[in-house]
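Residue numbers for the sequence shown follow this note's numbering, so the first one is 4 and each next one is one higher. Every residue gets a Cβ at the ideal spot worked out from N, C-alpha and C, and that includes glycine. What you are looking at is a predicted structure, and each value in this text was computed from that prediction instead of being measured.
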Amino acid sequence: MKILCMSGSPTKDGNNDKIINYVGDRIVAKGFDAEKIFISRSKIGYCTACNLCKKELGKCSIKDSMDDVRAKLEDADAIIVSSPVYFGSVTAQIKALFDRSLPLRRNNFKLKNKIGAAIAVGGSRNGGQEYTIQAIHSWMNISGMIVVGDDSHFGGIVEAPFENDDVGRKTVDATVDKVCEVLKKIGTMYP
4 MKILCMSGSP TKDGNNDKII NYVGDRIVAK GFDAEKIFIS RSKIGYCTAC NLCKKELGKC
64 SIKDSMDDVR AKLEDADAII VSSPVYFGSV TAQIKALFDR SLPLRRNNFK LKNKIGAAIA
124 VGGSRNGGQE YTIQAIHSWM NISGMIVVGD DSHFGGIVEA PFENDDVGRK TVDATVDKVC
184 EVLKKIGTMY P
């Protein structure tokens, strides 16, 4: 079973990229396949509301990295999204990815019943991470995904820098563990 890990940060090799590398290693150690997408290495334009994806299901008029991202989203059994906090929400780059995933929704909800989880990184312990996770969860719920947190919170809540945040790392570990646990229990029940 494959878990797709996405860093929504435009900063190459920043906290979110480090978290996604850490998450990927933890997933592999638990016996799952991990695939990673780094927004900082991708070119994803904004949705122009041309509605081609409505007229021709699954199609998008914009040709960029999103073609590959959509295929990886569809192929994954679970998806973990990490974003830094930008004014109490996700980055414009990950929001563009969410918007551009519309062809998957319009084409028979291709993300339906996939496991989804979120991680957010803020400049302080209470730096808007829960609002950022809420934005990620909204995309997942609208896409028909099964959303999980850690054992008692919304998901991974990290204070930058990641490598110095033992409390945050525990929430990331618990979130990844929960995704793996639920994915194992559900298995291939849902196509």
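Residues near residue i by beta carbon distance below 7 Å, same chain, minus five either side
i: V93; result: G11, S86, T135, A138, I139
i: Q96; result: G11, P13, I42, I47
i: M143; result: G119, V150
i: L55; result: K62, C63, S64
Whole-angstrom distance between residue j and residue i, CA atom to CA atom
i: I23; j: E59; result: 34 Å
i: D36; j: K181; result: 16 Å
i: I160; j: G119; result: 15 Å
i: K188; j: D70; result: 31 Å
i: R172; j: G126; result: 15 Å
i: K33; j: Y25; result: 13 Å
i: P106; j: M148; result: 15 Å
i: S155; j: D168; result: 18 Å
i: F112; j: G130; result: 33 Å
i: L186; j: D20; result: 23 Å
i: S141; j: E133; result: 12 Å
i: G190; j: F101; result: 25 Å
Contact check, residue i vs residue j, beta carbons under 8 Å
i: I65; j: I6; result: no
i: A121; j: F90; result: no
i: N110; j: G61; result: yes
i: V179; j: R29; result: yes
i: D80; j: M4; result: yes
i: K75; j: R44; result: no
Residue i, buried or exposed, once every other Cβ within 10 Å from all chains shown has been counted against 16
i: C63; result: buried
i: S146; result: buried
i: R103; result: buried
i: V175; result: buried
i: K57; result: exposed
i: C183; result: buried
i: R73; result: buried
Proximity test, residue i beta-carbon vs the ligand GTP heavy atom, cut-off 7 Å
i: I145; result: In terms of ligand content, the structure shown is empty, and the ligand GTP therefore cannot be addressed.
Neighbourhood of residue i by C-beta, 6 Å cutoff - its chain only, sequence neighbours within 5 removed
i: M9; result: I40, V84
i: V31; result: A37
i: G27; result: C8, A37, K39
i: S68; result: S45, K46, I47
i: A177; result: D153, D154
i: R128; result: E162
Proximal residues to residue i (C-beta, below 8 Å), its chain only, five neighbours per side dropped
i: N18; result: S12, P87, V124, V161, A163, P164, F165
i: A99; result: I47, G48, Y49, C50
i: R108; result: L114, I145, S146, G147
i: C53; result: S64
Where residue i sits in the DSSP three-state scheme
i: P106; result: helix
i: E216; result: Residue 216 falls outside the range modelled here, since the chain spans only 4 to 194, and no answer is possible.
i: K46; result: coil
i: K21; result: helix
i: A74; result: helix
i: V88; result: coil
i: K117; result: coil
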